[in-house]
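A.B. asks: Going by the numbering used here, the sequence shown opens with residue 8, and the numbers climb by one from there.
Where is the CB? At the ideal position from N, CA and C, for every residue including glycine.
These figures come from a predicted structure and were not determined experimentally.
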Amino acid sequence: MLDVGTQCPGCHRTLRIGLQEWHRVCEGCSYEGSTLLVDIDVDGNAEVVDEAMRAEGLEHLREQNFQTLITDLTARVTGEPGKRRRLLDVGCAHGWFLEAGQAHFDVAGIEPDARIAAVAAAKSLDVRRGFFPDVLTADERFDVIVFNDVLEHIPDIDAALKACARHLAPGGWVVVNAPASTGVLYRISRGVVRVGLPASFDRMWQKGFPSPHVHYLDDASMAAIAAHSGLRVSDVLTLPSMSNRGLYARIRADRSVPAAKAAAMTAVLTVASPVLAAMPADIKVWMLQAT
8 MLDVGTQCPG CHRTLRIGLQ EWHRVCEGCS YEGSTLLVDI DVDGNAEVVD EAMRAEGLEH
68 LREQNFQTLI TDLTARVTGE PGKRRRLLDV GCAHGWFLEA GQAHFDVAGI EPDARIAAVA
128 AAKSLDVRRG FFPDVLTADE RFDVIVFNDV LEHIPDIDAA LKACARHLAP GGWVVVNAPA
188 STGVLYRISR GVVRVGLPAS FDRMWQKGFP SPHVHYLDDA SMAAIAAHSG LRVSDVLTLP
248 SMSNRGLYAR IRADRSVPAA KAAAMTAVLT VASPVLAAMP ADIKVWMLQA T
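#1: Can you tell which of S41, T75, V32 and G35 has the C-alpha that lies nearest to the C-alpha of E291?
#2: So, for V240: in the same chain, excluding its five sequence neighbours on each side, which residues have a beta-carbon less than 8 Å away from its beta-carbon?
#3: Any idea what DSSP makes of P175, helix, strand or coil?
#4: When burial is assigned at 16 or more other CB atoms within 10 Å of the CB, is T13 buried or exposed?
#5: Using only CA atoms, which one of I123, I152 and H30 lies nearest to R173?
#6: What whole-angstrom Cβ distance do H101 and I123 have, given they're in contact under 8 Å?
#7: State the DSSP-derived secondary structure class of E39, mapped to helix, strand or coil.
#8: Closest to D289 by CA distance: which of D120, D156, T42 and C18 is it?
#9: List the residues that DSSP assigns as beta-bridge partners of T78.
#10: Following the continuous alpha helix (DSSP H) through V200, name the residue where it begins and the one where it ends.
#11: From the DSSP secondary-structure annotation, give me the bridge partner or partners of A297.
#12: Determine, using beta-carbon pairs with one atom in the segment 91-108 and one in the segment 14-26, whether at least three such pairs fall under 8 Å.
#13: Under the rule that 16 or more other beta-carbon atoms within 10 Å means buried, what is M286, buried or exposed?
#14: Since F208 is in the alpha helix (DSSP H), which residue starts that stretch and which ends it?
#15: Between the beta-carbon of F138 and the beta-carbon of A115, is there less than 9 Å?
#16: Measuring CB to CB, does K214 end up less than 9 Å from L68?
#17: Report yes if the CB atom of H220 is closer than 9 Å to the CB atom of S41, and no otherwise.
#18: Spatial neighbours of V200 within its chain, please: C-beta separation below 6 Å, excluding the five flanking residues on both sides.
#19: Can you name the start and end residues of the beta strand (DSSP E) that I5 belongs to?
#20: Using a Cβ-Cβ cutoff of less than 6 Å, which residues in the same chain neighbour R135 once the five nearest sequence positions on both sides are dropped?
#21: Thinking just about the alpha-carbon of each residue, which of P88, H222 and T144 is nearest to the one in C33?
#22: Does the distance from the C-beta atom of V181 to that of L175 stay below 9 Å?
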């Protein structure tokens, strides 16, 4: 958890209070963080998020985006001659990315939430319940290590990327698929919080969720943080952050949002979706390799 006076994980300058008392910005670069508490419900007992609604709301979009990533990785990752390429999905959730990739890679996933890990394991996927990199053996190496909407939730981002460097096979790739602070929806939320309307900003950070965001990255901050672990950004891709299909369920996954408000938000975002799609992407994929 970040706090006032701690250092930016990118440029190591001091962090100061930003737009909310829990929001942090760097004095020297574009990095943004938070002091929001990460308290993952490893036993699957909490009911803050409606997981059935969340799955319904995200499945279509994630399947499309994951197929795009797998197609790219299949062409990009060479691996060791004569050996099947290995892929690790950190925070694999329901196993959708593992399912998309298993025809091309030997796939394994890590998931700390017991209920969600059980859903993925029931699909006969190799899912290890716990945290990265604790559940790996010291000698395990992967051609691809993927964080799909996960790295921004890990408080010690430096330690996570250093672990990636240790467990990466020669010529391997680390894939960070995450919300970008340069995206249009995030910029809008920053604007409205300044006029006293914090709800959308809070939602972008997933304030009140068991695993809120503790980082918001852009190209420069991602490159700086990666460099501390001996990694470099080799390529940057963008992905859609919203699909009209399942949008209502995605909003209603937050149990605090009333049905009428969710319906209104769905209508507004659906009408605005063509315009939003033409503006700076809210999801970026940073492709990292060892320096």
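C.D. replies: Let me lay it out:
#1: Going by the sequence as given, residue 291 is Lys instead of Glu. Out of S41, T75, V32 and G35, T75 has the C-alpha closest to the C-alpha of K291.
#2: D226, M229, A230, A233, W293, M294 and L295
#3: Note on identity: in this sequence residue 175 is Leu, with Pro being the wrong assignment. Here L175 sits in strand by DSSP.
#4: exposed
#5: I152
#6: About 6 Å separates the two Cβ atoms, so the contact holds.
#7: The answer is strand: DSSP assigns E39 an E or B state.
#8: D156
#9: DSSP output for T78 lists no bridge partner at all.
#10: V191 to V200
#11: L238
#12: no
#13: exposed
#14: Judged by DSSP secondary structure, F208 falls within the alpha helix (DSSP H) whose first and last residues are A206 to M211.
#15: no
#16: no
#17: yes
#18: L26 and F208
#19: For residue 5 there is no data in the structure shown, the boundaries of the chain being 8 and 298.
#20: I117 and V142
#21: H222
#22: Yes, they are a contact pair.
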